[in-house]
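The sequence shown begins at 104 in the working numbering and counts up one residue at a time. Cβ atoms here follow ideal geometry from the backbone N, Cα and C, with glycine treated the same way. Report on one structure; see the data block that follows.
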Amino acid sequence: AVVSTQSTGEYKSKDSARDAIKKLNGKLLMDYAVELKLSEKQITKVPETIKKERNMEEKSAKLLVRNVPFETTQSDLRNLFGAFGDVKHIRLPKKLAGTGKHRGFAFVEYSSQAEARVAFESTGDSTHLYGRRLVVEWAKEDATVEQMMSKTAEVFGEQPAVAKKKKSKKIEDIL
Numbered sequence: 104a105v106v107s108t109q110s111t112g113e114y115k116s117k118d119s120a121r122d123a124i125k126k127l128n129g130k131l132l133m134d135y136a137v138e139l140k141l142s143e144k145q146i147t148k149v150p151e152t153i154k155k156e157r158n159m160e161e162k163s164a165k166l167l168v169r170n171v172p173f174e175t176t177q178s179d180l181r182n183l184f185g186a187f188g189d190v191k192h193i194r195l196p197k198k199l200a201g202t203g204k205h206r207g208f209a210f211v212e213y214s215s216q217a218e219a220r221v222a223f224e225s226t227g228d229s230t231h232l233y234g235r236r237l238v239v240e241w242a243k244e245d246a247t248v249e250q251m252m253s254k255t256a257e258v259f260g261e262q263p264a265v266a267k268k269k270k271s272k273k274i275e276d277i278l
């Protein structure tokens, strides 16, 4: 039986990594032969648009997390982001009702802006979950009801509805 697991390690230089491979390759570890090789993975640069969004000024205690692996649960996110502060709420928007799969992004809301800032700064561009690099940025403020109604009207080509105020009757008019 062949047992295969993958693990990564980081060395300060390629020479020190090569030395470790020479010394450890083929050695027995818990009755299994160790096989080591250099990683071919290239470091990818973060696109400028993502950098700009990451540098937005924080306006709330809510973060937007992109590139979330589809096997991720709310519990996984709570464990990861709970290390930086008190997580008030996590939302993983679903694709379609009844499918059970989320859309690959999440919102993480903290109890305070300070906790959200710690999480934002700590996650940086190198936080990985299930092999995928998470992109963390500040969530935009929630739209007001009027803004949402106007945006919906634009999509459907209608005039935006105006919220009507109820007329209050004066006691004198009733009597």
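Nearest to residue i (by Cα), restricted to the options the options
{"i": "L237", "options": "V168, K140 and E174", "result": "V168"}
{"i": "I234", "options": "A164, T175, G227 and M133", "result": "At residue 234 the sequence reads Gly, which differs from the Ile that was named. Nearest of A164, T175, G227 and M133 to G234, Cα basis: T175."}
{"i": "L141", "options": "K165, D228 and K125", "result": "K125"}
{"i": "E218", "options": "L195, S163 and A209", "result": "S163"}
{"i": "L180", "options": "A242, E244, L127 and L232", "result": "L232"}
{"i": "S178", "options": "K165, L195 and L166", "result": "L195"}
Contact under 8 Å by Cβ, residue i with residue j
{"i": "A120", "j": "G129", "result": "no"}
{"i": "V171", "j": "G203", "result": "no"}
{"i": "K191", "j": "E212", "result": "yes"}
Which of helix, strand or coil DSSP assigns to residue i
{"i": "K117", "result": "helix"}
{"i": "K125", "result": "helix"}
{"i": "R235", "result": "strand"}
{"i": "E138", "result": "coil"}
{"i": "E240", "result": "strand"}
Proximity test, Cβ basis, 8 Å: residue i and chain D
{"i": "V168", "result": "Any reference to chain D falls outside this structure, which holds one protein chain only."}
CA-to-CA distance, residue j to residue i, given in whole angstroms
{"i": "E224", "j": "G185", "result": "14 Å"}
{"i": "K155", "j": "K117", "result": "Summary for K155: the model assigns pLDDT 47, below 50, so the residue's position carries little reliability; its value from the coordinates is reported in the next sentence. Between K155 and K117, the C-alpha separation is close to 33 Å."}
{"i": "L131", "j": "D122", "result": "17 Å"}
{"i": "L199", "j": "L139", "result": "43 Å"}
{"i": "E244", "j": "M133", "result": "53 Å"}
{"i": "V221", "j": "H205", "result": "26 Å"}
{"i": "N182", "j": "D228", "result": "19 Å"}
{"i": "I146", "j": "S253", "result": "Legend: pLDDT at I146 = 48, less than 50; position of this residue unreliable, no value from coordinates given."}
{"i": "E257", "j": "D189", "result": "38 Å"}
{"i": "A209", "j": "I193", "result": "7 Å"}
{"i": "S215", "j": "A242", "result": "14 Å"}
{"i": "E240", "j": "L127", "result": "41 Å"}
{"i": "L166", "j": "F187", "result": "12 Å"}
{"i": "T226", "j": "F173", "result": "19 Å"}
Which complete alpha helix (DSSP H) runs does the stretch 162-191 hold, if anything under 4 residues is left out?
Whole alpha helix (DSSP H) segments, 4+ residues: 177-184.
What residue ranges within the stretch 196-226 form continuous alpha helix (DSSP H) runs of no fewer than 4 residues, ordered along the chain?
Counting whole runs of 4 or more residues, the stretch 196-226 contains the alpha helix (DSSP H) stretches 216-226.
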